[in-house]
Amino acid sequence: MALFKAEPPISALSRLKFEKITTDGIFGEHLNFVEFLNQTLTYLVCLYAGNVLLKRNPMEEVIINFGTAPGHDVSSYSGTVICECFAATSVKSNEKLKKDILRLHGNPTAKERLVFYYSHNADAERSYIEKLANQYKDVALWSIPFDALISEYK
8 MALFKAEPPI SALSRLKFEK ITTDGIFGEH LNFVEFLNQT LTYLVCLYAG
58 NVLLKRNPME EVIINFGTAP GHDVSSYSGT VICECFAATS VKSNEKLKKD
108 ILRLHGNPTA KERLVFYYSH NADAERSYIE KLANQYKDVA LWSIPFDALI
158 SEYK
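Printed below as a string of structure tokens:
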């Protein structure tokens, strides 16, 4: 809030959107605040997905590729389970959900393909999500409620 008291509101908003004023908590990369929020929530989705995989098969290692690391966002060490993860205001934004589904769809080596996501508007977009789920039945879609996403960190 100090930022909004120190300068005109439009300047403060511009700094939050465009200037690298904060640091990524994992890699130490300088980010603008909007990207910091996006990355942090996506990291939480990745951690949630990794936790699901560990609970389902506690004897297999899980790989989590944060940020722009190559490979799937989360996968089992054997590659039999692959996941893409994201957090967005809408699953339709930049066709993110569809693109992640297509990235996994038909992967010949994976036995399970999952997209984990948090979207504040998931309930309102249910028909779109169900249409994609019916179209790409080899990819499971996991909508994560916000409370579940942050339950480990309260």
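Residue numbers (this note's numbering): 8 to 161.
For glycine and all other residues, C-beta sits at the position ideal for the given N, C-alpha and C.
Between Y124 and V52, the C-beta gap is smaller than 8 Å, which places the two residues in contact.
Look at T29 here: in three-state DSSP terms it is strand. Where F123 is concerned, the enclosing beta strand (DSSP E) starts and stops at E119 to S126. Taking a C-beta distance under 8 Å as the contact criterion, N64 and S82 do not qualify as a contact pair. Nearest Cα to I28 within the set L20, H37 and T116: H37. In the three-state DSSP reduction, A95 falls in the strand class (E or B). When secondary structure is reduced to three states using DSSP, I151 falls in the coil class, being assigned neither helix nor strand. If you look at N39, you'll find it in the beta strand (DSSP E) that goes H37 to N39. If you draw a straight line from the Cα of H112 to the Cα of K105, it is about 10 Å long. When S150, H127 and G78 are compared, the shortest CA-CA separation from R110 is found for G78. The beta carbon of L148 lies closer than 8 Å to those of L104, I108, L121, V122, Y124, I136, L139 and A140 in the same chain, with the five residues before and after it left out. Bounds of the beta strand (DSSP E) holding S83 are V81 to S83. Under the three-state reduction of DSSP output, V59 falls in the helix class. Following the DSSP letters along the chain, one finds A140 inside the alpha helix (DSSP H) bounded by residues R133 to Q142.
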